[in-house]
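So the protein lines, in turn, are chains X and F. For the first sequence, position 293 (counting from the first letter as 1) is numbered 293 according to my numbering, and the numbering increases by one without interruption. For the second sequence, position 68 (counting from the first letter as 1) is numbered 68 according to my numbering, and the numbering increases by one without interruption. For each residue, glycine too, the CB sits at the ideal point set by N, CA and C.
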Amino acid sequence: MINIHEVVETNEMIEKENLDVRTITLGISLLDCIDEDLDKVCDNIYNKIYDTAKDLVKTGDQIAREFGVPIVNKRISVTPIALVGGAACKTPEDFVRIAETLDEVAKKVGVNFIGGYSALVSKGMTTADRLLIESIPMALANTDVVCSSVNVGSTKTGINMDAVRLMGTIVKETANATKESDSLGCAKLVIFCNAPDDNPFMAGAFHGVTEADKIINVGVSGPGVVKTALEKVRGENFEVLCETIKKTAFKVTRVGQLVAQEASRRLDVPFGIIDLSLAPTPAIGDSVADILHEIGVEHPGAPGTTAALALLNDQVKKGGVMASSYVGGLSGAFIPVSEDQGMINAVEAGALTLEKLEAMTCVCSVGLDMIAIPGDTKDTTIAGIIADEMAIGMINQKTTAVRLIPVIGKGVGETVEFGGLLGYAPIMPVNKFSCDEFVNRGGRIPAPVHSFKN
Amino acid sequence: MNKTIITVVGKDTVGIIAKVCTYLAESHINILDISQTIVSGYFNMMMIVDMSGTDKEFNTVADDLEALGKDIGVVIKCQREEIFDSMHRI
Numbered sequence: 001m002i003n004i005h006e007v008v009e010t011n012e013m014i015e016k017e018n019l020d021v022r023t024i025t026l027g028i029s030l031l032d033c034i035d036e037d038l039d040k041v042c043d044n045i046y047n048k049i050y051d052t053a054k055d056l057v058k059t060g061d062q063i064a065r066e067f068g069v070p071i072v073n074k075r076i077s078v079t080p081i082a083l084v085g086g087a088a089c090k091t092p093e094d095f096v097r098i099a100e101t102l103d104e105v106a107k108k109v110g111v112n113f114i115g116g117y118s119a120l121v122s123k124g125m126t127t128a129d130r131l132l133i134e135s136i137p138m139a140l141a142n143t144d145v146v147c148s149s150v151n152v153g154s155t156k157t158g159i160n161m162d163a164v165r166l167m168g169t170i171v172k173e174t175a176n177a178t179k180e181s182d183s184l185g186c187a188k189l190v191i192f193c194n195a196p197d198d199n200p201f202m203a204g205a206f207h208g209v210t211e212a213d214k215i216i217n218v219g220v221s222g223p224g225v226v227k228t229a230l231e232k233v234r235g236e237n238f239e240v241l242c243e244t245i246k247k248t249a250f251k252v253t254r255v256g257q258l259v260a261q262e263a264s265r266r267l268d269v270p271f272g273i274i275d276l277s278l279a280p281t282p283a284i285g286d287s288v289a290d291i292l293h294e295i296g297v298e299h300p301g302a303p304g305t306t307a308a309l310a311l312l313n314d315q316v317k318k319g320g321v322m323a324s325s326y327v328g329g330l331s332g333a334f335i336p337v338s339e340d341q342g343m344i345n346a347v348e349a350g351a352l353t354l355e356k357l358e359a360m361t362c363v364c365s366v367g368l369d370m371i372a373i374p375g376d377t378k379d380t381t382i383a384g385i386i387a388d389e390m391a392i393g394m395i396n397q398k399t400t401a402v403r404l405i406p407v408i409g410k411g412v413g414e415t416v417e418f419g420g421l422l423g424y425a426p427i428m429p430v431n432k433f434s435c436d437e438f439v440n441r442g443g444r445i446p447a448p449v450h451s452f453k454n
Numbered sequence: 001m002n003k004t005i006i007t008v009v010g011k012d013t014v015g016i017i018a019k020v021c022t023y024l025a026e027s028h029i030n031i032l033d034i035s036q037t038i039v040s041g042y043f044n045m046m047m048i049v050d051m052s053g054t055d056k057e058f059n060t061v062a063d064d065l066e067a068l069g070k071d072i073g074v075v076i077k078c079q080r081e082e083i084f085d086s087m088h089r090i
């Protein structure tokens, strides 16, 4: 039988160390909503999402109540809209209508984000893909909870450099379209290489075409729990350090597995995967940077940071894999800048640069995330940064992503405030030298030699 | 069996267990185990109870106990046992 010390340990994790289930994401296929008539498509989408997700928030809240663990977000991911709207949408404005429909139904069912305003163009773009991408700035400006992502490369296909170049411009246009709110639109736009089909974390979530009609994915977090566990093994060797992270990750993931199974049963939707990611929030004590500090670097960015992050990421996965019947998504450690007080402090102290962050993305779970850059950064430079990050993903057979925010009207040294879970960020300097001739070549970078595993 | 863990945390005072037990008895909730300890100077009590005999909803019991805790100046939480089982047992 459970003893009091175990009960106290669990409740301290929840109450003092910010252990939570970060999100329950209900994936919904919209492939059966396709029609040639735009009004019909919008109606179909609204009805399908409403019918499938109407009990999601209520069920999530009830599970949180019964287990006494917060379930912070309830979200929806849908089939990439470029596929769903392709037959009906003849202009970018047509796609924006679908975005507005998603926004409306998401608010109606009470979720805080809906992901899947997406296109998968890792090798080439269809007309619909291009129209959707061109519509992103207006779609993100006209909606509040819609998240967009574009997959522009993979280890199997190489990198679609036409799409990379286009996304450089789209990021900038999105920043301009939402400049009244400090270019907030860019916080809801992710560019991926090797995007997974089943990621519950926004802004990059979408419901893959390889998925069933509907699925429950759960994202678990808990950087504070890992940090607290590590405080107890200060000065111990790497074996002890790694074992501690692994055991903690195991416990955290078990909670996610329980919540996922319960949600799956109550909503009568199959369970997909657990994504165990140490995802920070701006709350004090909910920081990945603090874990790196506890491992032994003064600030993230100091020499040793990449190695510390590598071992953290790997141990988190090892602990999580045994704790859940299906682990997927991105799983590992997220290193967004604006959402992590420790990362913000490191930038302000001059310890962390964009280049060091890029190196860290080689070993973290995702990529350059929530980084504010000067609003006058050129389109081509943004495309160059995207290309670098995509190359890291392609060559290392991992998911990488870019979520940059060129803050219109602001420059290095200024701060931008996004509010809520998105936090605030000091604007970081970007390398001033040009890559125009490189990104303007056009075409695609071929798949690397190690993709030929047949 | 429908096991729930009730935890009481706060400053030690006369009659905490009596009041909680009275409520449980009136609600036909059977106590399977009680233990207590002091953590960082605070009184910590844990009860494992079986809720299968009660006709009250989980939320009602949780709300009632929370209110009872407020009356006597302690924090009372109700959680289903599975969260502890899944975290601490393979």
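Next on the checklist: Quick check: what's the CA-CA separation for S86/F versus L258/X?
Outcome noted: 7 Å
Next on the checklist: Between the region 352-359 of chain X and the region 297-306 of chain X, can you find at least three pairs of beta-carbon atoms closer than 8 Å?
Outcome noted: yes
Item to check | Buried or exposed by the 16-neighbour rule on C-beta atoms within 10 Å, applied to L230/X | outcome: buried
Item to check | Rounded separation between Y50/X and V269/X - CA only | outcome: 15 Å
Next on the checklist: Please classify S52/F as buried or exposed, where buried requires at least 16 other C-beta atoms within 10 Å of its C-beta.
Outcome noted: exposed
Next on the checklist: My assumption, with CB atoms under 8 Å, is that A203/X sits in contact with S149/X. Please give the rounded CB distance.
Outcome noted: 6 Å
Checklist entry - Contact check, V74/F vs V8/F under 8 Å by CB: the rounded distance? => result 5 Å
Checklist entry - How should A372/X be labelled, buried or exposed, when 16 other C-beta atoms within 10 angstroms of its C-beta is the threshold for buried? => result buried
Item to check | Span of the alpha helix (DSSP H) around V439/X | outcome: D436 to V439
Checklist entry - Are L32/F and D50/F touching if we call contact CB-CB under 9 Å? => result yes
Checklist entry - What three-state label does DSSP hand D369/X in the structure shown? => result strand
Item to check | One or two residues paired with A425/X in a DSSP bridge | outcome: V416/X
Next on the checklist: Could you tell me which whole beta strand (DSSP E) segments of length 3 or greater appear in the region 13-53 of chain X?
Outcome noted: 21-28
Item to check | chain X residues whose Cβ lies nearer than 9 Å to that of M1/F | outcome: Per Cβ cutoff of 9 Å: no residues; M1/F is ~12 Å from chain X at best.
Next on the checklist: Going by DSSP in three states, D376/X sits in which element: helix, strand or coil?
Outcome noted: coil
Checklist entry - DSSP state of D50/F, grouped into three classes? => result strand
Checklist entry - Listing by chain order, which chain X residues have their CB less than 7 Å from the CB of E66/F? => result What E66/F touches in chain X: nothing, since even the nearest Cβ is about 11 Å away.
Item to check | Three-state secondary structure assigned by DSSP to C89/X | outcome: coil
Item to check | Contacts of L258/X in chain F (Cβ-Cβ under 7 Å) | outcome: E82, I83 and S86
Checklist entry - I think T91/X touches L131/X, with their Cβ atoms under 8 Å apart; what is that distance to the nearest whole Å? => result 7 Å
Checklist entry - How about E262/X: is its C-beta nearer than 9 Å to some C-beta of chain F? => result yes
Checklist entry - Using a C-beta to C-beta distance shorter than 8 Å, which residues of chain X count as neighbours of D33/F? => result M1
Checklist entry - For T7/F, which beta-bridge partners are listed by DSSP? => result M46/F and K77/F
Checklist entry - Quick check: the region 57-70 of chain X against the region 230-242 of chain X, are there 3 or more CB pairs under 8 Å? => result no
Next on the checklist: For the ligand NAD, is there any heavy atom lying closer than 8 Å to the beta carbon of C33/X?
Outcome noted: Among the components of this structure there are no ligands whatsoever, and the ligand NAD is therefore not found.
Item to check | Proximal residues of chain X, C-beta to C-beta of I48/F below 8 Å | outcome: M1 and I2
Checklist entry - Is DSSP giving P406/X helix, strand or coil here? => result strand
Checklist entry - Within 9 Å (strictly less), CB to CB, does F58/F reach chain X? => result yes
Next on the checklist: For L276/X, report the span of its beta strand (DSSP E) as first-last.
Outcome noted: F271 to L278
Item to check | Exposure label - R165/X; buried when at least 16 CB within 10 Å | outcome: buried
Checklist entry - If P27/X sits next to E298/X, beta carbons under 8 Å apart, how far is it from one beta carbon to the other, in whole angstroms? => result According to the sequence provided, residue 27/X is Gly. The question's Pro does not apply to it. 41 Å between Cβ atoms; not a contact.
Item to check | Helix, strand or coil at K251/X [DSSP, three-state] | outcome: helix
Item to check | Limits of the beta strand (DSSP E) - the one that C147/X falls within | outcome: V146 to S154
Checklist entry - With DSSP run on the structure shown, which of helix, strand or coil describes C364/X? => result coil
Checklist entry - In this structure, does DSSP put A383/X in helix, strand or coil? => result helix
Next on the checklist: By DSSP's criteria, S35/F is part of a beta bridge. Which residues make up the other side?
Outcome noted: M46/F
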